[in-house]
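Line by line, the protein sequences are chains A and B.
Each position in the first sequence, counted from 1, maps to that position plus 4 in the numbering used here.
Each position in the second sequence, counted from 1, maps to that position plus 48 in the numbering used here.
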Amino acid sequence: MIARIRHGWRRHWYAYAMIAPVVLVLGVLVLYPLAYGFWLTLTDANSLNSARTIGVNEIEATYKFVGLDNYADILFGETAYDRFWSHFIWTIVWTVACVTLHYTLGLGLAMLLNQKIRGRTFYRLMLILPWAVPTFVTVFGWRFMLADQGVINAGLELLNLPTPAWLEDSFWQRFAAIMVNTWCGVPFMMVSLLGGLQSIDANLYEAAELDGASPWQRFRYVTLPGLRAVSSTVVLLGIIWTFNQFAVIFLLFGTKAPDAQILVTWAYFLGFGQQPRDFAQSASYGMLLLAILVVFTSFYRRWLARGEQQS
Amino acid sequence: MTTNTLETPVEAAPARTAPKAVRRRGEPRPLVRIATHAVLIVASLIAVLPVAWIFLLSLGPDKDDYLRPAGIFGKATLDNYVQVLTETNFFHWLQSSLIVSLGTTVLGVLIAATTGYAVSRMRFPGQKKLMWVLLCTQMFPIAVLIVPMYQLLTELRLLDTYGGLILVYCSTAVPYSAWLLKGYFDTIPFEIDEAGRVDGLSPFGTFVRLILPLARPGLAVAAFYNFITAFGEVAFASTFMLDDTKYTFAVGLQSFVSEHDAQRHLMAATAVLVAIPVSAFFYLVQRNLVAGLTAGGTKG
């Protein structure tokens with residue numbers, strides 16, 4: 005046994021030495037906080053009983069172990085629907101709606117840009133602007149436009165259309181959130197898919213055309229399969245990013261607008277947007293979120309692997 | 049607004065209609081071409097509008113000009129910019145943003161490069177698991193780490209320091225860079241390593257003298273991505289930086305609109321000053337960025 009370890013060490017020590025820095029960083033900056041966070045979820049820690057310094061006085065932590073009470077409370081406790089499940093459902097709706105819009109709009113624009121037309125480069129540069137400018141800048145642009153008497157409502161009024169209270173009414177808050185996030189996320193999809201489209205062999209289209217395939221059939225049987233590798237990656241990334249999207253909702257509504265908060269921003273609200281700050285519950289939400297993502301990703305990858313074997 | 053964008057995929061189908069024998073491949077019919085241009089123009093306008101709007105507001109001297117945008121044309125002025133540069137914490141924020149973003153970039157890429165190489169070239173027990181851990185860390189929602197990080201930073205007295213924020217950012221920057229660099233190292237022919245080995249270089253020597261210089265474009269993409277991510281990060285920066293001279297831009301910009309007062313005109317001017325260099329930089333490297341982003345995923 006020891007001999008085997010020693011042999012393995014001698015053979016692989018270069019590799020281990022090279023990954024050591026990352027393992028160290030991951031251990032100190034990710035795994036330790038993760039473990040510590042998990043410990044917090046088993047306690048009733050909040051800003052009143054955690055260790056803190058007020059002036060020169062250091063106050064010791066006084067929170068205590070409560071087992072799995074936090075999880076039970078979040079998932080099954082009284083008002084669990086309002087606190088967790090309503091946000092859970094909204095998060096799913098948000099993720100599905102945003103990623104679907106990102107992908108379809110991104111694909112549509114990519115296909116338009118993949119033709120030989122004049123001004124292609126110019127359009128491309130314009131269309132990736134939402135990605136080029138930092139989100140924390142553009143979201144404020146949207147906030148000004150969506151404000152009560154902002155330009156969007158002024159425009160709608162001009163057309164005699166209803167002027168919703170975008171940033172106050174809960175349905176329109178959600179609508180606005182999806183709209184702004186779609187605006188932010190389409191360029192990445194568009195550019196990635198454009199790359200994918202350009203790597204499809206033009207001969208395939210020619211062959212399909214000779215065989216009498218209609219435009220739809222060519223799209224269905226040449227374009228989509230050709231984009232398979234790119235699509236599976238960008239959709240997975242898109243789902244993870246959207247599910248974890250913090251900046252758009254936080255900057256659009258702050259910690260108000262409880263109905264528009266997805267789970268990530270809601271967890272943030274519990275931990276930092278209210279007094280007293282409820283660290284234990286916030287951390288528990290974090291753990292639940294991570295669990296959802298890990299389970300989802302493993303299924304997604306397995307599903308992909310199966311699809312590849314079949315085709 | 050949205051209805052216009054929603055129509056794009058519908059329009060897309062006819063746009064790809066078969067070219068008849070006379071025209072060259074890929075050149076759409078006139079009618080289709082007009083429709084294509086129409087859709088692209090509308091989409092471009094939608095893409096540009098919010099940014100242009102901020103620019104317009106930045107020229108208006110009054111904080112409520114966003115309600116009367118047409119009035120701005122008559123009284124456009126650069127006063128907001130002067131005021132931002134002379135009377136606000138603009139340069140403090142610039143300094144903080146640069147320290148934090150550059151710190152994250154340098155640390156992230158330095159630490160990640162060796163790992164990317166090891167995972168790309170060497171087979172060792174635990175390799176699959178390491179890749180899986182690296183991938184998993186990338187999907188950490190901020191809600192997982194923010195509470196424990198806050199507590200730990202408080203205990204270590206790193207709250208409200210640049211170092212603390214850089215360390216927090218490294219938790220995402222390092223795994224991501226390692227994954228991305230692995231993708232890049234995979235594209236460098238293995239023969240180069242072998243040639244180095246034959247010439248008597250150790251694996252470290254091969255890495256430092258042969259591979260790193262060749263991987264410069266990949267390193268640049270990783271560095272750039274880390275920079276942009278750290279620069280634009282909102283949640284951790286808003287929570288961990290307390291002193292308003294240590295805010296990064298992402299936090300400083302929010303501080304213009306408090307509950308009592310909203311200095312929208314100054315905010316808009318600051319936003320423009322931040323957006324111009326960042327987006328110019330982005331346009332320079334964006335092509336490499338996309339290739340790098342998707343390569344890591346497809347090859348893993």
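Glycine included, C-beta positions come from ideal geometry on N, C-alpha and C.
Fair warning: this is a prediction, and the values are worked out from it, not measured in the lab.
The C-beta distance from C102(A) to T246(A) rounds to 5 Å, short enough to fall under 8 Å. Per DSSP, the beta-bridge partners of A310(B) are V305(B).
The C-alpha of V195(B) lies about 22 Å from the C-alpha of G81(A).
Secondary structure at N74(A): helix, using DSSP grouped into helix, strand and coil.
Looking from the CA of D309(B), the closest CA among R77(B), N128(B), D112(B), F279(B) belongs to D112(B). Contacts between H91(A) and chain B, judged by CB atoms closer than 8 Å, are missing: the closest CB pair is about 12 Å apart. Among the bridge pairs identified by DSSP, T47(A) is matched with F69(A). Interface residue (Cβ-Cβ distance to chain A less than 7 Å): L88(B) is classified as such. It is roughly 30 Å from the alpha-carbon of I6(A) to the alpha-carbon of L249(B). No Cβ of chain A is located within less than 7 Å of the beta carbon of M179(B). By the Cβ rule, the segment 66 to 73 of chain A does not count as touching the segment 213 to 230 of chain B, because fewer than three pairs are nearer than 8 Å. Counted as a single uninterrupted DSSP element, the beta strand (DSSP E) harbouring I63(A) occupies residues 61 to 63.
Y165(B) and F255(B) have their C-alpha atoms roughly 8 Å apart. At least one C-beta of chain B is nearer than 7 Å to the C-beta of T139(A).
Listed along the chain, the chain B residues whose CB falls inside 9 Å of the CB of T95(A) amount to none; the nearest CB is some 10 Å away. Within chain B, P98, V99, W101, I102 have C-beta atoms less than 7 Å from the C-beta of G145(A), given in sequence order. Following the DSSP letters along the chain, one finds F238(B) inside the alpha helix (DSSP H) bounded by residues 238 to 246.
One finds A55 in chain A with Cβ atoms closer than 8 Å to the Cβ of E203(B), taken in chain order. Excluding sequence positions up to five before and after T287(B), its CB lies within less than 8 Å of the CB of I194, Y198, all in the same chain and listed in chain order. When DSSP assignments are scanned along the segment 168 to 245 of chain A, the uninterrupted stretches of alpha helix (DSSP H) that are 4 or more residues long and fall wholly within it turn out to be 174 to 202, 206 to 214, 219 to 222. In the three-state reduction of the DSSP assignment, R116(B) falls in the coil class, being assigned neither a helical nor a strand state. Cβ atoms of A309(A) and L256(A) stay farther apart than 8 Å, at about 38 Å.
Short of 7 Å from the beta carbon of T139(A), and not among the five residues preceding or following it, lie these beta carbons of its own chain, in chain order: C188, A251, V252. Taking a cut-off of 8 Å on C-beta distances, the segment 122 to 131 of chain A does not touch the segment 202 to 219 of chain A, as fewer than three cross pairs fall below it. A283(B) and N50(A) have their C-alpha atoms some 19 Å from each other. At a cut-off of 7 Å between beta-carbon atoms, P189(B) makes contact with chain A. R56(A) is bridged by DSSP to I63(A). Put simply, of Y40(A), L228(A), I23(A) the residue whose alpha carbon is nearest the alpha carbon of S288(A) is Y40(A).
Take the alpha-carbon of V97(A) and the one of F300(A): they are about 15 Å apart. Put simply, of L131(A), A295(A), A264(A), L116(A) the residue whose alpha carbon is nearest the alpha carbon of R77(B) is L116(A). Collapsing the DSSP output to three states places A19(A) in a helix. By the CB criterion at 7 Å, L142(B) and A124(B) fall outside the cutoff. Ranked by Cα distance from V333(B), the first of N248(A), A169(A), L129(A) is L129(A).
When rounded, the separation of the alpha-carbon atoms in P25(A) and F330(B) is 29 Å. Taking C-beta atoms as the reference points, Q265(A) and L274(A) fail to come closer than 7 Å.
Of the residues E161(A), L133(A), E312(A), the one whose Cα lies closest to the Cα of A100(B) is L133(A).
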